[in-house]
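Protein chains in written order, with the numbering used here: chain A, 97 to 245; chain B, 96 to 215. Down below is the structure, laid out as structure tokens.
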């Protein structure tokens, strides 16, 4: 019981307009939308797409869950680019994801596609940078460059 | 007798085309707005490329920072970025010199091509 209250409190405090969410209970279960406004402590005005039209619904905050960016894609990025730089890159991917998800003409599906696409096309430069770093090729190149100067 | 060409005082590596686009985007955005996402959008807009990956932008900026052409700093974390900070970038004096050099080279190439067309 206490853990359920803690969970609810933790979720409640994190809502903000523009946030992508997924409805977890009720007849709209499984649908994804965007928070339009936070009303009081536990009510959210959410925009969802029904029959290709944006519809605004009022929901309790315990009925929804934040839509997360794809975990596997995040894992791939963190595998190749660690530390603050990797964090900043993931932040940019999150920002782009939420920006697209907020657009009623694009939506969550398109945001997820964009996220995966960006990770996919980023794999080549990130892998090459990772290989150079791990094998010391970058350091060797820098050393040779300094000697030649 | 041919004279030996003098070496520049601060030799700068030639910039690659993508590096030049990234530096140009960083300059046009200014230090208050130049972070990964905006630089990515600006490079796409300026270069008219269909696909520019965020990973390429970040690895290029890291390389430019290692060369001393840009500097970076982290701002506060924001909620729409999943609690992750923005990393802002700004050109160093060496970066400005490298960009000017790249522009001069491009202008020289354009001039040479114009002359060749005139002759033809």
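Here a beta-carbon is modelled for each residue, glycine too, at the ideal position from N, C-alpha and C. This structure is a prediction, so every number in the text was calculated from the model and none was measured.
- Apart from the 5 residues on each side of it in sequence, residue 113 (chain A) sits with its Cβ closer than 8 Å to the Cβ of 131, 132, 133, 134 in its chain, given in chain order.
- Unbroken beta strand (DSSP E) runs of no fewer than 3 residues, entirely contained in the region 120–157 of chain A, are found at 128–135, 139–146, 149–156, following chain order.
- Among the residues facing chain B, residue 218 (chain A) is included, as its CB has a counterpart in that chain under 8 Å away.
- Within the region 121–164 of chain B, there are no complete beta strand (DSSP E) runs of at least 3 residues.
- According to DSSP, residue 112 (chain B) shares a beta bridge with no other residue.
- The beta carbon of residue 192 (chain B) sits no closer than 8 Å to any beta carbon of chain A.
- Bounds of the beta strand (DSSP E) holding residue 182 (chain B) are 179–186.
- Between the alpha carbons of residue 172 (chain A) and residue 210 (chain A) lies a distance of about 15 Å.
- In this structure, residue 157 (chain A) lies away from residue 118 (chain A), with their beta-carbon atoms at least 8 Å apart.
- In the structure shown, residue 165 (chain A) adopts coil according to DSSP, grouped into three states.
- Taking the CA atoms as reference points, residue 115 (chain B) sits about 23 Å from residue 209 (chain B).
- Shown here for residue 212 (chain B): not one same chain residue has a beta carbon closer than 8 Å to its own, the five before and five after excluded.
- Annotation: Cβ neighbours of residue 157 (chain B) in chain A (cutoff 8 Å, chain order): 181, 225.
- Contact between residue 131 (chain B) and residue 149 (chain B) holds, since their C-beta atoms are separated by about 6 Å, short of 8 Å.
- Spanning the alpha carbons of residue 215 (chain A) and residue 169 (chain A) requires a straight line of approximately 6 Å.
- Burial of residue 204 (chain A) is indicated by the presence of at least 16 other C-beta atoms within 10 angstroms of its C-beta.
- Listed in chain order, the positions of the region 119–150 of chain A with a beta carbon within less than 9 Å of a beta carbon of chain B would be empty, since no residue qualifies.
- Under the Cβ distance rule, residue 132 (chain B) counts among the residues neighbouring chain A, one pair being separated by less than 8 Å.
- Cβ-Cβ separation between residue 121 (chain B) and residue 165 (chain B): approximately 6 Å, consistent with a contact (criterion under 8 Å).
- Chain A has a Cβ within less than 8 Å of the Cβ of residue 148 (chain B).
- A Cβ of chain B is located within less than 8 Å of the beta carbon of residue 186 (chain A).
- Contact note: residue 192 (chain A) reaches chain B through 132, using a C-beta cutoff of 7 Å and chain order.
- The beta-carbon distance between residue 222 (chain A) and residue 177 (chain A), rounded to whole angstroms, is 6 Å. This is short enough to meet the 8 Å contact definition.
- Residue contact check for residue 163 (chain B) against chain A: no CB pair falls below 8 Å.
- Taking a contact as a CB-CB distance under 8 Å, the pair residue 143 (chain A) and residue 129 (chain A) counts as one, their CB atoms being some 5 Å apart.
- In the structure shown, residue 178 (chain A) adopts coil according to DSSP, grouped into three states.
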